[in-house]
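I have placed the structure first, in the form of structure tokens, so that the comments after it can refer back to it.
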Amino acid sequence: MSVLIEDVGSTKSQRVLDQRRERLLLLMLASVQFTSIVDFMVVMPLGPQLMRSLEITPAQFGLIVSSYTIAAGIAGLMGSSVLDRFGRKTAFLSLFAGFVLGTLLCGLAWSYGTLLAARVVTGAFGGILGGMSLAIVGDVFPEERRGRATGILMSAFAVASVVGVPVGLWLGTKYGWQTPFLVLAALAVPIFFVALRTLPPLREHLHGAAHAHPLRKIAATFGHVGHLRAFALTTALMLGSFSMIPYISVYLVANAGVLEEQLPWVFVTGGALTLVGAPLIGRLADRFGKLPVYRIVATVSATLMLVVSNLGVVPLAVSVGLVGALMLSNAGRMVAALAMITGSVERSQRGGFMSANSAVQHLASGLGAYLGGLILVKQADGVLLHFGRVGILAVAFTALSIYLAGRVRPTRESARANKDSVHSMLDETTPEAA
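The opening position of the sequence shown corresponds to residue 161 in the working numbering, with each subsequent residue numbered one higher.
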């Protein structure tokens with residue numbers, strides 16, 4: 161009897177230890193996501209200062225913003241052909257080191273050309289980090305807990321919106337536009353060493369894997385029917401979001417009576433709602449199924465898109481509440497969708513696939529913003545016309561995504577096998593070369 165009690169106690173202690181390791185792993189991944197999201201987002205509100213300090217035109221500033229996305233898309237396509245040849249830890253740390261270097265170069269830039277080059281470097285590495293983080297979540301967490309883990313990872317966006325971007329903008333305004341990038345690089349260094357310590361090697365996908373030529377690997381990634389279904393969902397998802405979201409701030413100021421100095425309330429509220437709501441939606445997806453939860457949240461998002469895109473002059477609290485709810489629903493549908501997409505790929509192909517998916521995501525985001533801009537017309541008094549049409553376009557892509565989500569199929573890898581492997585992976589030592 162005493163031996164049995166000792167065995168039960170040992171098993172319980174091991175489970176608690178594993179849970180602590182999982183939480184630490186998720187915290188580390190979320191911290192990396194936070195730094196990369198703030199790095200990407202903080203450039204946009206720094207636009208007036210960058211244009212004044214570097215003496216550049218709006219078109220040149222637009223290239224600074226889009227260079228990150230373009231570099232991320234190209235790097236994602238290239239990475240999809242080689243990332244599965246390495247352990248997840250090796251690939252992740254290499255990408256993170258390149259991102260930190262790029263962010264540091266942004267802080268050291270002194271001209272338009274040097275900043276543009278630094279943004280390309282940052283995008284090439286940082287744009288793939290998100291996909292690699294999701295690949296790690298897919299490898300470590302079993303199907304029944306993957307939605308919750310994805311929700312926690314997505315919470316980094318909320319924290320970046322509530323804390324990171326406002327603080328970065330304040331630092332840039334007070335101490336110069338380079339300061340936010342230098343601070344981010346300094347914050348990323350200790351996170352790198354935490355990752356070096358806590359991230360397991362995750363090399364199981366290499367066992368028995370044959371390394372195809374990079375071009376054949378890309379062809380195989382984009383030729384797989386299951387992958388194409390996931391890419392189609394990602395495309396519709398991003399087109400439905402970015403055809404409308406980049407223009408909400410301008411519309412609120414020009415058409416809904418919101419003052420520029422009141423805009424932070426909109427994004428702080430949306431970020432706070434997302435911080436609480438995204439993990440909750442992830443738990444609901446684990447309990448009731450990813451697809452049903454996605455369909456419900458996406459329908460709510462589409463409804464809010466129609467309301468917000470036809471918003472007139474309303475009290476500030478109404479604008480803050482509606483846009484905050486839209487931000488939450490958009491983040492929530494991303495949680496459920498990414499959990500489905502991650503589970504639709506075999507482990508041996510997950511790193512390359514998620515890199516390719518990141519490329520599709522970035523390119524679709526840019527296309528969505530471009531399509532929305534083609535529809536909008538700005539009058540001489542600053543009022544935006546046809547934003548309602550943009551909302552209809554966003555709703556149409558969202559409806560398409562609901563259909564496409566039903567076409568995504570999980571792999572044949574059983575949840576039981578994944579569950580059994582999670583503890584063994586987390587127990588592995590981590591002296592692998594970074």
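Note that CB positions come from ideal geometry on N, CA and C, so glycine has one too. Remember, it's a predicted structure, so these values are computed and weren't measured experimentally.
Determine the burial state of residue i: buried for a count of at least 16 other Cβ atoms within 10 Å of its Cβ, exposed for fewer.
i                 : result
asparagine 470    : exposed
tryptophan 330    : exposed
serine 403        : buried
aspartate 541     : exposed
glycine 472       : exposed
glycine 533       : exposed
alanine 396       : buried
phenylalanine 448 : exposed
arginine 248      : buried
valine 467        : exposed
tyrosine 335      : exposed
threonine 217     : exposed
arginine 357      : exposed
arginine 569      : exposed
glycine 383       : exposed
proline 475       : exposed
tyrosine 407      : buried
arginine 305      : buried
Have a look at the options and flag the residue whose alpha-carbon is nearest the alpha-carbon of residue i.
i              : options                           : result
glycine 286    : Phe259, Thr463, Gly400 and Arg305 : Phe259
alanine 438    : Thr502, Ala316, Phe427 and Val478 : Ala316
glycine 417    : Ile234, Ser479 and Val325         : Ser479
glycine 307    : Val520, Leu440, Thr429 and Val468 : Leu440
serine 518     : Pro360, Met398 and Val300         : Met398
glutamine 509  : Ala485, Phe246, Ile456 and Ala524 : Phe246
isoleucine 230 : Val555, Ser525, Ile535 and Ala554 : Ser525
glycine 324    : Val198, Leu435, Arg305 and Arg212 : Val198
alanine 477    : Leu498, Leu223 and Leu412         : Leu412
isoleucine 456 : Thr434, Arg181, Ser561 and Ala269 : Ser561
glycine 484    : Ala554, Val300, Met465 and Phe557 : Met465
arginine 493   : Gly311, Trp270 and Phe256         : Gly311
leucine 527    : Thr502, Leu184 and Phe557         : Phe557
isoleucine 224 : Ile234, Met211 and Gly233         : Met211
tyrosine 454   : Trp270, Ala496 and Ala320         : Ala496
leucine 486    : Glu182, Thr502, Ala309 and Thr463 : Thr463
valine 555     : Gly328, Trp270, Ala232 and Thr459 : Thr459
valine 300     : Trp270, Glu182, Ala269 and Ser254 : Glu182
Going along the chain, which residues of its own chain have a beta-carbon closer than 8 Å to the beta-carbon of residue i, five neighbours each way excluded?
i              : result
asparagine 490 : Ser401, Ile405 and Ser461
tyrosine 228   : Phe200, Val203, Arg279, Val280, Thr282, Gly283, Gly286 and Gly287
glutamine 209  : Gly332, Thr333 and Trp337
leucine 313    : Leu186, Leu189, Ala190, Gln193, Ser293, Leu294 and Val297
valine 505     : Gly298, Gly386, His387, Ala390, Phe513, Met514 and Thr571
serine 409     : Leu423 and Val426
proline 452    : none
asparagine 415 : Leu471, Gly472, Val473, Val543, Leu544 and Phe547
Express the C-alpha separation of residue j and residue i in angstroms, rounding to a whole number.
i              : j                 : result
valine 550     : proline 350       : 43 Å
glycine 332    : methionine 204    : 12 Å
leucine 186    : alanine 565       : 26 Å
tyrosine 530   : leucine 393       : 19 Å
leucine 617    : alanine 559       : The chain is shown only over 161 to 594; residue 617 falls outside these bounds and no answer can be derived.
alanine 616    : leucine 214       : Nothing about residue 616 can be read from this structure; the chain reaches only from 161 to 594.
alanine 345    : threonine 195     : 8 Å
methionine 126 : valine 343        : Given that the chain is displayed from residue 161 to residue 594, the structure contains no residue 126 and the question cannot be resolved.
proline 361    : phenylalanine 547 : 48 Å
histidine 522  : serine 226        : 10 Å
serine 450     : glycine 442       : At residue 450 the sequence reads lysine, which differs from the serine that was named. Cα to Cα, lysine 450 sits roughly 8 Å from glycine 442.
serine 379     : valine 520        : In the sequence on display, residue 379 carries alanine and not serine. Approximately 15 Å, taken between the alpha carbons.
glycine 262    : tryptophan 270    : 14 Å
arginine 567   : aspartate 446     : 19 Å
valine 328     : leucine 206       : Here residue 328 is glycine; the residue named in the question, valine, does not match the sequence. Going by the C-alpha atoms only, they are around 9 Å apart.
Beta-carbon within less than 7 Å of residue i's beta-carbon, same chain only, minus the 5 sequence neighbours each way: which residues are those?
i             : result
cysteine 266  : Leu275, Ala278, Arg279, Thr282 and Phe341
lysine 538    : Leu544
glutamine 220 : Tyr272
alanine 370   : Residue placement at alanine 370 is flagged as unreliable, the pLDDT there being 49, under the threshold of 50; the coordinate-derived value follows with that caveat. Excluding positions up to five away in sequence, the list is empty.
What does a CB cutoff of less than 6 Å around residue i pick up in its chain, not counting 5 residues either side in sequence?
i                 : result
phenylalanine 353 : none
valine 322        : Val428, Gly431 and Ala432
leucine 184       : Thr358
leucine 553       : Ser403
serine 162        : With a pLDDT of only 46 at serine 162, under 50, the local geometry of the prediction cannot be trusted, and no value is derived from it.
Could one say the Cβ of residue i lies closer than 8 Å to chain C's Cβ atoms, at least one of them?
i           : result
glycine 481 : Checking the listed chains, one finds no chain C in this structure; it contains a single protein chain.
Runs of alpha helix (DSSP H) wholly within the region 196-236 (minimum 4 residues, chain order): 207-214
Inside the region 459-495 only - alpha helix (DSSP H) runs reaching at least 4 residues: none
Contiguous beta strand (DSSP E) assignments of at least 3 residues, all confined to the region 490-565: none
Length-filtered (4 minimum) alpha helix (DSSP H) runs lying within the region 384-442: 385-402 and 408-415
Continuous alpha helix (DSSP H) assignments of at least 4 residues falling wholly in the region 288-318: Qualifying alpha helix (DSSP H) stretches: none in this window.
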